[in-house]
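Some notes on the structure that comes next.
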Amino acid sequence: MRSSPWMSHNTLSGWAFILPYLIAFVPLLLWPFFRGIWISFHDWNLLAVTFNPSAKVFIGLENYVNLLWGDNLSWSLTQFPIFRLIVTGGALYFYWRAVQAAGFNRGRLITLLAVLFVSVVLLGLTGDWYDPRFWTVVRNTVVFVAIVVPATTLLALLLAIALNRPGRWAATMRSLFFFSQILSVTVVTLIWQLMYGVRNGFIANLLAPFNIASPNWLTDDSLAMGAIAFTTIWWSVGFALILFLAGLQQIPGDRLEAATLDGATGWRKLFYIIIPSIIRTVQFVMIMQIVLHFQVFGQSQLMTQGGPGDSTNVWVRYIYQSAFRDSEIGYASAMATLLFAFMLIFSVIQFWVTKRQES
Amino acid sequence: MMHDNKPPIWLMLSISLLAFFWLIPVLWMFSLSLQPNDLLSRTTANTFLGLVPIPFTLDNYKAILDIGDTPRWFLNSLIVSGTSTLLVLATSTLAGYAFARIPFYGRRVVYPLVLAGLMVPEQVVFIPLYIFFSDLDAHNSLSTLALPRVALPIGVFLMTQFFKDVPMSLEEAARLEGCGHWRIFISIMLPLARPMLITLTIITFLYSWNDYLWPLVSAQRREFFTITVGLAKIQGNFAQSQGLGQLMASGVLASLPVIILYLVFQKYILKGIALSTDK
Chain A
177 MRSSPWMSHN TLSGWAFILP YLIAFVPLLL WPFFRGIWIS FHDWNLLAVT FNPSAKVFIG
237 LENYVNLLWG DNLSWSLTQF PIFRLIVTGG ALYFYWRAVQ AAGFNRGRLI TLLAVLFVSV
297 VLLGLTGDWY DPRFWTVVRN TVVFVAIVVP ATTLLALLLA IALNRPGRWA ATMRSLFFFS
357 QILSVTVVTL IWQLMYGVRN GFIANLLAPF NIASPNWLTD DSLAMGAIAF TTIWWSVGFA
417 LILFLAGLQQ IPGDRLEAAT LDGATGWRKL FYIIIPSIIR TVQFVMIMQI VLHFQVFGQS
477 QLMTQGGPGD STNVWVRYIY QSAFRDSEIG YASAMATLLF AFMLIFSVIQ FWVTKRQES
Chain B
779 MMHDNKPPIW LMLSISLLAF FWLIPVLWMF SLSLQPNDLL SRTTANTFLG LVPIPFTLDN
839 YKAILDIGDT PRWFLNSLIV SGTSTLLVLA TSTLAGYAFA RIPFYGRRVV YPLVLAGLMV
899 PEQVVFIPLY IFFSDLDAHN SLSTLALPRV ALPIGVFLMT QFFKDVPMSL EEAARLEGCG
959 HWRIFISIML PLARPMLITL TIITFLYSWN DYLWPLVSAQ RREFFTITVG LAKIQGNFAQ
1019 SQGLGQLMAS GVLASLPVII LYLVFQKYIL KGIALSTDK
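Residue numbers (my numbering), protein chains in the order written: chain A, 177 to 535; chain B, 779 to 1057.
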């Protein structure tokens, strides 16, 4: 900080320097964000409002009620029993293990309570939802994320550990695995629709000599989600790979040398030195991917059109349909706001993880 | 940290094989785009599962360049991505310098607000953005396609982080000679930031070129499609697989600029991705 004449001069130049950016930021990001929330409190039909600007009706939280609530809601212990038992048991087990190993801390308790709240209370709710389709797309999105994120993370982690070495070969492999990442979603879906083609697809061509008919990858409701998830893993493994390599580079070399001198080799080094050293990076990359893949749209829109039935319809695609096919932008905005709230939770966790990492 | 130079042979083999599998979809697209259409309507596995373009032809490329909208879409994408990249560069270097080096009144409020914008994805604001440009009657124009990207804070964030790390001493000397912020920015900061600017240019162009949701919503007239949206539209007549070769040629064309960027500037892309996640 300098003396006061400088201050006023600084203030003038400072604002002059940020002004060009603010001209874009305020009307094209800040204002739309709040306006989206405001729209979500309305019964707002795009076509009706285009012809008559006063055709929007303020309805408060009704859109949210219609999305999140239903008739005859009751709580049942036996809905999704196996899944809930696994999640509840797993959460309690890991909490107990963590307390044994590292002691009590408030963050862990909050996480445990949040997981228990979802698995015991929320997943036990049954009834006639006002919009069962919303719950279908939420479930599909969660399933998509639950397949893509762990699979991508595991594959990228193994590749990163194997390719974290100098030399031409490793560099070439790194660029090959990253390559698919730079393609646009429409190119990726173009290629993979043909890969999965029943009559002339690459997989069908591989199976043909064995007289095996190709499964209907994209039109069979038990396969479609897996197929678009696999495509996504193919597309995005490079991203996680790069971040893991960056994390591995930060492990101090003497730590590994010490381990090597102590006689640790191969797998022991991997499990006792390398993985514990980048466990924070793994957490970080996973949360990052969760946020990213919750926004999945193109794969579902282009490869399966959400089908068959609604089996691959996802959250953002339902927003898009509600807004631009049904013209219900009030309702669509409520869904978009809920999506943001959901992602905000993960961003807060992300922030919290990073902060702990630094301290 | 780097471990021993020579990987075991089984590891090298299995990873190389996996990398080859990883590349197959793209190789196949290239190869199909170079085979005649009437052959492809019979089989897509002509030579070595179709991975080798024999018989070879360039007709598909000639066809999409002569007729149809693909060249127009390609040009639209170039203009849109080029414009938004230039605007991002200009606005984010200026704002980044101010946030990092000028202690101006209000900075402590505005900068966190801009950073909070990092958490707002396109998917959350595309409806109000659509309304905003509808009210201005501005859809179906290239500037409407380009502008929303300029508002994304990632460039400002990267430039602010960069300028914060420039040692104070460089600036002090210039200030003693009576240079103002503009002179310091132009003649000291910008030249220093050159590698960072290349990184920012490339990742902005890449993301802009690959953007799908906003151009899908905003451009309804065919002549304003970008190549990503255009390619999505022509995927519709996929089932009859006539014109498969042309479809694949369009896919190759749509990827060409980013592939060239990747081949030339790979280092900067990887660095940009690592940096932009380092919040």
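Built from N, CA and C at the ideal position, the CB exists for glycine as well.
Cβ pair residue i, residue j closer than 8 Å
i	j	result
B/L968	B/T871	yes
B/P906	A/P208	yes
A/F420	A/A336	yes
B/T848	B/I842	yes
B/I980	B/L1039	yes
A/T480	A/L394	yes
B/L1009	B/A1027	no
B/F940	B/A971	yes
A/I367	B/P831	no
B/A878	A/F201	no
A/F320	A/M401	yes
B/N838	B/F1003	no
A/H218	A/V233	yes
Proximal residues of chain B, C-beta to C-beta of residue i below 7 Å
i	result
A/W345	M790
A/R211	P906
A/N221	What A/N221 touches in chain B: nothing, since even the nearest Cβ is about 12 Å away.
A/F353	A797, W800
A/F227	Within chain B, no residue comes near A/F227; the closest Cβ sits about 12 Å away, beyond 7 Å.
Cross-chain neighbours of residue i in chain A, by beta carbon under 8 Å
i	result
B/P785	A338, R341, W345, A346
B/R999	Those do not exist, as B/R999 stays about 15 Å from chain A at its closest Cβ, beyond 8 Å.
B/Y839	Those within 8 Å of B/Y839 in chain A number zero; the least Cβ separation is about 16 Å.
B/F910	P203, L204, W207, P208, R211
Where residue i meets chain B, residues with beta-carbon distance less than 9 Å
i	result
A/M371	I802, P803, W806
A/L515	P899, Q901, V902
Min CB distance residue i to chain B below 8 Å
i	result
A/S356	yes
A/F217	no
A/W191	yes
A/A499	yes
A/A267	no
A/F201	yes
A/L419	yes
A/M177	Legend: pLDDT at A/M177 = 45, less than 50; position of this residue unreliable, value from coordinates given subsequently. Closer than 8 Å to some Cβ of chain B, the Cβ of A/M177 qualifies, so yes.
A/L205	yes
A/A422	yes
A/W410	yes
A/L520	yes
A/F415	yes
Beta-bridge pairing of residue i - partner residues as DSSP gives them
i	result
B/G846	Looking at the DSSP assignment, B/G846 forms no beta bridge with any residue, so it has no partner.
A/T302	A/S250
A/E504	A/N221
A/V233	A/D219
Chain A residues whose Cβ lies nearer than 9 Å to that of residue i
i	result
B/N988	I358, L359, S360, V361, T362, V363
B/V934	I194, Y197, F201
B/A873	F193, I194, L195, P196, Y197, L198, F201
Beta carbon proximity, residue i to chain A, threshold 8 Å
i	result
B/P831	no
B/P890	no
B/G956	no
B/Q1024	no
B/M779	Note that B/M779 scores a pLDDT of 43, beneath 50, so its modelled location is shaky and nothing firm can be said.
B/T977	no
B/Q1018	At B/Q1018 the pLDDT is 48, less than 50, meaning the model places this residue with poor confidence; the figure from the coordinates comes in the next sentence. It does not: the Cβ of B/Q1018 has no partner Cβ on chain A nearer than 8 Å.
B/G1021	no
B/T869	yes
B/V914	Reading the sequence as shown, one finds Leu at residue 914 of chain B and not Val. For B/L914, the answer is no, since every Cβ of chain A falls outside 8 Å of its Cβ.
B/L827	yes
8 Å Cβ cut-off: residues of chain B touching residue i
i	result
A/M135	With chain A represented from 177 up to 535, any question about residue 135 of chain A goes unanswered, as that position is not in the structure.
A/L478	A1010, Q1013
A/S523	M897
Where residue i meets chain A, residues with beta-carbon distance less than 7 Å
i	result
B/R885	G190
B/V995	F500
B/P926	L204
>> Output needed in chain order: residues of the segment 358-369 of chain A with a Cβ under 8 Å from some Cβ in chain B.
In response: I358, L359, S360, V361, T362, V363, T365, L366, I367, W368, Q369
>> Under 7 Å, CB to CB, which of the residues in the segment 456-473 of chain A have a partner in chain B?
In response: M464, Q471, F473
> What residues in the segment 486-511 of chain A bring their beta carbon closer than 8 Å to a beta carbon of chain B?
Replying inline: V492, I495, Y496, A499, F500, I505, A508, S509
> What are the residues of the segment 374-392 of chain A that lie near chain B, defined by any Cβ-Cβ distance shorter than 8 Å?
Replying inline: Taken in chain order, the members of the segment 374-392 of chain A whose beta-carbon sits within less than 8 Å of a beta-carbon on chain B are R375, N376, G377, F378, N381, L382, A384.
> Along the segment 1030-1048 of chain B, what residues have a CB closer than 8 Å to any CB found in chain A?
Replying inline: A1032, S1033, V1036, I1037, L1039, Y1040, Q1044, I1047, L1048
> Closer than 8 Å, Cβ to any Cβ of chain A: which residues of the segment 947-972 of chain B, in chain order?
Replying inline: G958, H959, W960, F963
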